[in-house]
Amino acid sequence: MQELSKQDQKYLKSLKRRNHYYLIAALILVACLAILFLGTSYYELKINQRASDYLSGFLLAIAAVLFIYVIRNRKLIKDPKLIKRERIKNSDERNVEIMKKSLQFTSYFMMITLVLTSVIGSFLSEAIMQMASLLIALFFISYLLCYLYFKKRL
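When you line the sequence shown up against my numbering, it's residues 111 to 264, in that order.
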């Protein structure tokens with residue numbers, strides 16, 4: 111294995127750390143899926159069949175994506191050329207700006223959607239209105255906490 115530059119070594123370290131987080135999250139999701147299956151099959155967990163199917167698919171899909179990321183990252187970790195190429199791709203100013211603008215637009219779109227869901231949901235169901243309002247509050251709280259954190263860090 112050829113010698114990695116300091117930047118590549120730093121990226122490799124962050125890639126390994128990210129891989130651990132992905133693996134832990136995927137295993138937690140698989141455990142939740144097992145609990146859901148055991149609870150509905152062997153114990154008297156009362157949950158709508160449609161909700162159970164939805165949750166099973168949701169948990170399985172996210173766990174599968176995380177496992178795919180783990181496999182992809184392991185491939186990257188083994189090949190220094192791929193590490194360098196991936197680091198450059200992720201740290202390129204143009205790509206960073208594209209990701210920043212995309213995230214900004216997506217955040218605006220999500221806020222508008224949640225506000226509309228809250229307003230329209232207030233006519234249909236109190237639970238929908240409360241859930242959308244809670245998501246809006248969580249969005250703003252997470253934004254504020256991240257802003258304060260990165261203001262100190264950067």
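Ideal placement from N, C-alpha and C gives every residue a C-beta, glycine not left out.
Being a predicted model, the structure only gives us computed values, none of them experimental.
Where the alpha helix (DSSP H) containing residue i begins and where it ends
i: S201; result: P190 to S201
i: Y152; result: Y152 -> no alpha helix (DSSP H), and no H or E assigned at all.
Beta carbon of residue i nearer than 8 angstroms to that of residue j
i: G266; j: A247; result: The structure shown does not extend to residue 266, since the chain is modelled only from 111 to 264, so the question has no answer here.
i: L318; j: L143; result: Shown here, the chain extends from 111 to 264; a query on residue 318 therefore has no answer.
i: K199; j: N205; result: yes
i: L139; j: I178; result: no
i: I238; j: T227; result: yes
i: L234; j: I187; result: no
i: F249; j: M209; result: no
i: V180; j: L255; result: no
Residue environment, residue i, which counts as buried when at least 16 other CB atoms sit within 10 Å
i: Y121; result: buried
i: N129; result: buried
i: I145; result: exposed
i: D118; result: buried
i: I193; result: buried
i: L264; result: exposed
i: A136; result: buried
i: R197; result: buried
i: L176; result: buried
i: L244; result: exposed
i: Y73; result: In the structure displayed, the chain extends from 111 to 264; residue 73 sits before or after that span and is not available.
i: Y131; result: exposed
Test: residue i CB closer than 8 angstroms to a CB of chain C
i: I187; result: No chain C appears in the structure shown, which is made up of a single protein chain.
Counting only runs of 4+ residues fully inside the segment 196 to 259, write out the alpha helix (DSSP H) ranges in chain order. Entirely contained in the segment 196 to 259, the alpha helix (DSSP H) runs reaching 4 residues are, in chain order, 203 to 234.
Unbroken beta strand (DSSP E) runs of length 3 or more, entirely within the segment 140 to 180: which are they? none
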